[in-house]
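Asks: Numbering (my numbering), first residue to last: 2 to 186. I have a structure here, written as structure tokens, and I will follow up with some questions on it.
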């Protein structure tokens, strides 16, 4: 019973870390990365669709992204979606291909991006703590239902706390690494 709860806790916390890693890839650093456009949605055929489902995205050089729509009639919609995004980019198209120059980050913009990373890290630390709370409640319920002893509950709570500490530390380390990457000129 305790092993199951611990395993479920660990699995859920690993998913939270993976989600954090994925969200960090969408935060802009100084280099062009195709994952910068992961959150862009384009109105295609009457409904919003992720950009990567209606076009091919490439990063041919460190300061340029290219977007080639599968259907050339969507090029204006894609360009409009890019202009209205919070990326502050100025795309240009030649009728077949959209070129997106990625300007270097200003000091002020870098600080804004660091704040975004802080917020993401805090959200994911909170989700790890919420997972801990759920697991602790399961352990207490198991004790109340007399499925485990008090000693087993105490050791289970200690194990869940160790997992929580490890995963909160991991979120902090990932966040700090991303901050350094952003602030490096």
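Heads up, the beta-carbon is just placed ideally off N, CA and C, and yes, glycines get one too.
In angstroms with no decimal places, state the Cα-to-Cα distance between residue 61 and residue 94.
Replies: In the chain shown, the residue the question calls residue 61 occupies position 60. In the chain shown, the residue the question calls residue 94 occupies position 93. Their Cα atoms are separated by approximately 16 Å.
Asks: Hey, residue 78 and residue 43 are a contact pair by Cβ (cut 8 Å); roughly how many whole angstroms apart?
Replies: The residue you call residue 78 lines up with position 77 of the chain shown. The residue you call residue 43 lines up with position 42 of the chain shown. Contact holds; Cβ gap of about 5 Å.
Asks: Can residue 148 and residue 50 be called in contact, C-beta distance under 7 Å?
Replies: Residue numbering aside, residue 148 sits at position 147 when the chain shown is read from its first letter. Residue numbering aside, residue 50 sits at position 49 when the chain shown is read from its first letter. For residue 148 and residue 50, no; Cβs fall outside 7 Å.
Asks: Which whole-angstrom value is the C-beta distance of residue 136 and residue 161, which I expect to be below 8 Å?
Replies: Within the chain shown, residue 136 is the residue found at index 135, counting from 1. Within the chain shown, residue 161 is the residue found at index 160, counting from 1. So it is a contact: roughly 5 Å between Cβ atoms.
Asks: For residue 9 and residue 110, what's the separation of their Cα atoms in angstroms?
Replies: Position 8 of the chain shown, counted from the start, is the residue given in the question as residue 9. Position 109 of the chain shown, counted from the start, is the residue given in the question as residue 110. Their backbone Cα atoms lie some 39 Å apart in a straight line.
Asks: Less than 7 Å between the C-beta atoms of residue 33 and residue 103, yes or no?
Replies: Numbered from its first residue, the chain shown carries residue 33 at position 32. Numbered from its first residue, the chain shown carries residue 103 at position 102. It is a contact, given that the beta carbons lie within the stated cut-off.
Asks: Ends of the alpha helix (DSSP H) at residue 60?
Replies: By one-based count along the chain shown, residue 60 stands at place 59. Element bounds for residue 60: not the alpha helix (DSSP H) but the beta strand (DSSP E), 56-62.
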